[in-house]
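Visitor: Sending over a structure as structure tokens; questions will come in a sec.
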Amino acid sequence: MTSFLQKFKMFLYGAFLFELEMHLRKVKDTYEKSFMLILYADMLGIPILTNYYSFRILPYVINNLEPWKKGISKEFDILEELSDMH
Amino acid sequence: MTDFLSTPAPYVLIGLVLYYIAYRFYARWIDKRVWEPDPKRSTPATMYMDGVEYFPVNRYVLYGFQFKSVAALGPIVGPVLAVQYWGWLPSLFWIVIGVIFIGWAQDYSAMFLSVRNEGRSFGPITYNLVGKGARSVLLSYLFIYFWLLTAAFVYILAATANGFSGSFYIIFITLLSGVILGQLVFKARWNIFYATILALILVAIGYVVGYYVQFPATNFLGVYGSVMFWSIIFAIILAIAAIVPLPSLILPFNYLAFYPAIASVALVIISALLSPISGVSFTRPAFVGFTASFTGFPLWPLLFVTIACGAISGWHSLVSSGTTSKQVESEIDALPVGGGAMFTESIVALSAFAAISVISATVLGANGYVLGAATLASGILGKALYNGFVLFFGAFLLFMGVTVETLVIRYWRLVLADMVSERKGSIRILGNKYVATTLILVLALALIATFTFDYIWEYFGGTNQLFAAFALLLVATYLTKVKKPSWYTLIPGSFMIVTTIAAIAYTAYLFLSHSFNPTKPLTALQQLFYNFLMGYGITPYPIVSAFDVIAFLVGLSLVILSITMGYYLFKSILTYRKEAGITQPIGGKTTMAKPGED
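Protein sequence lines, in the order shown, are assigned to chains A and B.
The working numbering applies: residue 81 is where the first sequence begins, and numbers increase by one.
The working numbering applies: residue 260 is where the second sequence begins, and numbers increase by one.
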């Protein structure tokens with residue numbers, strides 16, 4: 081059972097710091113997506129030359145390939161950018 | 260007993276009790292009967308978890324976030340104006356009834372609609388349910404909405420900075436503290452706890468500077484000149500804040516500003532509840548009449564758009580459907596997060612109602628709130644602190660205004676860029692961030708310069724409320740499609756759309772009629788604009804007439820857009836009703852032609 085104090089702390093975290101957390105998650109994601117794009121853009125049909133590092137790093141990022149492809153080709157709507165502004 | 264009833268305490272208390280009852284019974288009943296939340300059902304946060312947009316968040320954290328997102332300057336300015344126009348009783352009535360039957364329903368339903376539609380926001384949902392035309396109307400609508408919002412809020416910022424000398428230094432030093440905090444946390448990687456303490460010390464220094472350096476004096480360039488001076492200053496600050504990256508200024512500033520903001524709201528509410536002890540009582544009439552003082556606005560429909568946030572606000576549906584819906588951990592969290600945050604936000608409106616009701620002075624913009632809040636707080640904590648509280652609450656208004664405005668300008672840029680992205684030629688330059696930012700601020704300054712704030716606020720409130728009406732009707736469309744009772748959003752949605760179209764049409768009509776007879780100013784305030792122009796030997800009438808025509812055209816386009824959108828939505832509702840074979844009237848138990856698929 082969560083105590084009132086814990087609930088209140090969570091409320092304060094939501095009101096004060098959650099916005100910062102969301103932004104940092106987005107920044108991290110942008111860097112990660114860009115990194116993957118440099119290495120594996122050919123998987124999305126963008127003609128780049130596959131280089132040594134693409135193969136060297138592949139075993140480490142193999143699990144991220146599908147989420148990355150899904151994320152980068154996701155439907156985009158400007159109304160969803162609201163999370164950056166409220 | 261009479262004394263007790265002439266203080267804000269019983270009315271604020273009644274409001275709070277009614278909110279609790281409405282949440283506990285009506286909202287839960289709707290939640291169970293209409294949306295039937297299933298804790299075992301996956302939400303977008305768990306289904307599409309990517310750790311960036313979609314990830315489950317605890318309901319208390321999300322509630323805090325939602326509250327911060329929806330509570331801004333709106334719930335303060337609306338009641339401040341309405342109490343001065345029509346008296347405190349109708350204003351209180353609309354705040355309480357509005358949030359109980361309409362406000363929470365919109366925030367909560369918009370969130371649930373998005374949760375049941377893969378966490379999508381209103382744009383794609385509108386596209387799916389209603390069609391491509393409706394989405395374009397929605398974008399055009401936002402375009403005008405943000406312009407009006409910027410004009411209204413920059414005017415309020417200017418009026419506050421002018422009315423309370425020294426308050427500007429507080430916000431300026433807080434902005435600088437925000438920059439320092441951003442650097443310490445994001446670049447130097449300080450622990451946020453220590454960085455916050457340092458930044459808050461700087462903010463406190465800002466208050467001390469503001470208290471002692473009261474320069475320039477109020478109205479140092481005359482009322483008109485001073486308000487325009489501060490408008491330009493704030494336009495420059497907002498332009499810089501809207502252009503620089505979020506972590507450099509906006510994020511740390513928003514975080515810092517929320518400390519004094521939450522303290523201000525809590526202080527006003529507690530002081531209002533203790534007003535029988537302090538002896539601070541109502542000085543304004545309970546009911547002025549069906550026609551407003553100062554402006555002559557009729558109670559219906561304009562009260563219902565003057566108080567937008569606090570009773571119901573379309574802005575919230577954007578937050579509910581665009582952000583928080585992607586992080587709702589379980590369907591049973593939608594009510595406490597969406598509905599609960601709206602009820603809490605309405606408490607901010609109650610605080611504004613209490614503050615403005617205890618002073619009788621008529622001042623520019625939302626300055627009445629500052630004086631009233633200072634009266635309430637100093638009544639409890641000591642009259643000697645009055646001047647300090649004036650500055651404290653003045654700074655609170657500035658914090659709220661700047662926080663919202665920088666983000667509004669960013670969003671306007673996105674909308675503008677989206678609108679011109681598929682076009683060719685030089686119009687594409689409007690998508691440039693410097694051009695778009697300058698454009699909205701120049702357009703807003705032009706609106707402010709005419710000194711027709713009361714009318715602009717009605718346009719802004721109307722646009723906001725229409726957005727709420729669209730959200731409610733969109734939810735009704737969805738509920739009809741999935742064969743669920745839709746009356747609880749359809750009836751308020753219909754009321755809101757009729758009322759707000761009437762309000763915008765009426766304001767547009769006032770502008771049009773004034774354009775034919777510009778010799779008399781629209782309000783006493785506009786006389787200052789006339790005097791300013793005449794001081795330079797310029798005849799104001801052609802300029803005012805031209806502005807009136809433009810303002811009328813803005814109103815007309817809003818009415819046309821609203822009728823178009825209303826037509827699309829009602830048409831979809833009727834189509835889905837027909838498809839579902841619903842024969843009984845709205846509100847009755849739905850009868851289906853075939854067993855429903857969800």
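The beta-carbon is built from N, C-alpha and C at its ideal position, and this holds for glycine as well.
(1) By the 10 Å Cβ neighbour count, where 16 or more other Cβ atoms means buried, how is Lys742/B classified, buried or exposed?
(2) Using the beta-carbon count (16 or more within 10 Å), is Leu781/B buried or exposed?
(3) Can you name, in chain order, every residue of its own chain whose Cβ lies under 6 angstroms from the Cβ of Ile361/B, other than the five neighbours on each side?
(4) Can you check whether the CB of Leu820/B is closer than 7 angstroms to the CB of Ile763/B?
(5) Assign Tyr719/B to one of two classes, buried (16 or more other C-beta atoms within 10 Å of its C-beta) or exposed (fewer than that).
(6) By Cβ distance below 6 angstroms, which residues in the same chain neighbour Ile688/B in space, the five residues on each side in sequence not counted?
(7) Give the DSSP-derived three-state secondary structure of Phe829/B in the structure shown.
(8) Could you give the residue range of the alpha helix (DSSP H) that holds Gln785/B?
(9) Of all the options Phe493/B, Ser485/B, Leu771/B, which has the alpha carbon lying nearest to the alpha carbon of Leu623/B?
(10) By Cβ distance below 6 angstroms, which residues in the same chain neighbour Ala411/B in space, the five residues on each side in sequence not counted?
(11) List the residues of chain A that Lys692/B touches, going by C-beta distances under 7 angstroms, in chain order.
(12) Over what stretch of residues does the alpha helix (DSSP H) that includes Val701/B continue unbroken?
(13) Output needed for Val355/B: all residues of its chain with C-beta closer than 7 angstroms, excluding positions within five of it in sequence on either side, in chain order.
(14) Are there 16 or more other CB atoms within 10 angstroms of the CB of Tyr826/B, so buried, or fewer, so exposed?
(15) Which term fits Gly323/B, buried or exposed, when burial requires 16 or more other beta carbons within 10 angstroms of its beta carbon?
(16) Can you name the residues of chain B whose CB is closer than 7 angstroms to the CB of Lys106/A?
(17) Which residue marks the beginning of the alpha helix (DSSP H) containing Tyr670/B, and which one marks its end?
(18) Output, in sequence order along the chain, the residues in the region 368-382 of chain B whose CB is closer than 7 angstroms to any CB in chain A.
(19) Residues of chain A with a CB under 7 angstroms from the CB of Tyr322/B: which are they?
(20) Report the rounded CA-to-CA distance for Phe788/B versus Val803/B, giving the unit in angstroms.
(21) Need the endpoints of the alpha helix (DSSP H) that Pro267/B sits in, please.
(22) Between Glu377/B and the rest of its own chain, which residues show a CB-CB distance below 8 angstroms, the 5 nearest in sequence each way excluded?
(23) In this structure, how does DSSP classify Phe541/B when only helix, strand and coil are distinguished?
(24) Using a Cβ cut-off of 7 angstroms (strictly closer), state whether Leu515/B contacts chain A.
(25) Just curious, the alpha helix (DSSP H) that Thr798/B is in, first and last residue?
(26) Can you tell me whether DSSP reads Pro127/A as helix, strand or coil?
(27) Quick one: grab the DSSP three-state call for Val503/B.
(28) Quickly, what does DSSP pair Thr550/B with across the bridge? List them, please.
(29) Compare the C-alpha of Met487/B against each of Asn723/B, Leu749/B, Phe770/B, Phe712/B and name the closest.
(30) For Ser316/B, write down the residues that DSSP places opposite it in a beta bridge.
(31) Starting from the C-beta of Lys87/A, find all residues in its chain whose C-beta is less than 8 angstroms away, skip the five residues before and the five after it, and write them out in chain order.
(32) Anything in the region 111-125 of chain A with a Cβ closer than 7 angstroms to a Cβ of chain B? List those residues in chain order, please.
(33) How many angstroms separate the CA atom of Tyr270/B from the CA atom of Ser589/B?
(34) Apart from the five residues just before and just after Asp290/B, which ones in its own chain have a Cβ nearer than 6 angstroms to its Cβ?
(35) Let me know if Arg836/B comes out buried or exposed under the rule of 16 or more other beta-carbons within 10 Å of its beta-carbon.
(36) Mind listing the chain A neighbours of Tyr319/B? Cutoff is C-beta to C-beta under 7 angstroms, in chain order.
Guide: In short:
(1) buried
(2) buried
(3) Ile571, Pro751
(4) no
(5) Strictly speaking, residue 719/B in this sequence is Phe, with Tyr absent from that position. Counting Cβ neighbours within 10 Å, Phe719/B comes out buried, since at least 16 surround it.
(6) Val694
(7) helix
(8) 785-794
(9) Ser485/B
(10) Ile715, Trp716, Phe719
(11) Neighbours of Lys692/B on chain A: none; closest Cβ ~14 angstroms, over 7 angstroms.
(12) 692-708
(13) Gly274, Leu277
(14) exposed
(15) buried
(16) Val311
(17) 645-679
(18) Ser380, Phe381, Gly382
(19) Phe91, Gly94
(20) 9 angstroms
(21) Element bounds for Pro267/B: n/a, residue is neither H nor E.
(22) Pro303, Met306, Tyr307
(23) coil
(24) no
(25) Unbroken run through Thr798/B: none, as it is neither H nor E.
(26) coil
(27) coil
(28) Pro557/B
(29) Phe712/B
(30) The sequence as given places Val at residue 316/B; Ser does not occur at that position. Answer is Val587/B.
(31) none
(32) none
(33) 35 angstroms
(34) Leu594
(35) buried
(36) Lys87, Met90, Phe91, Gly94
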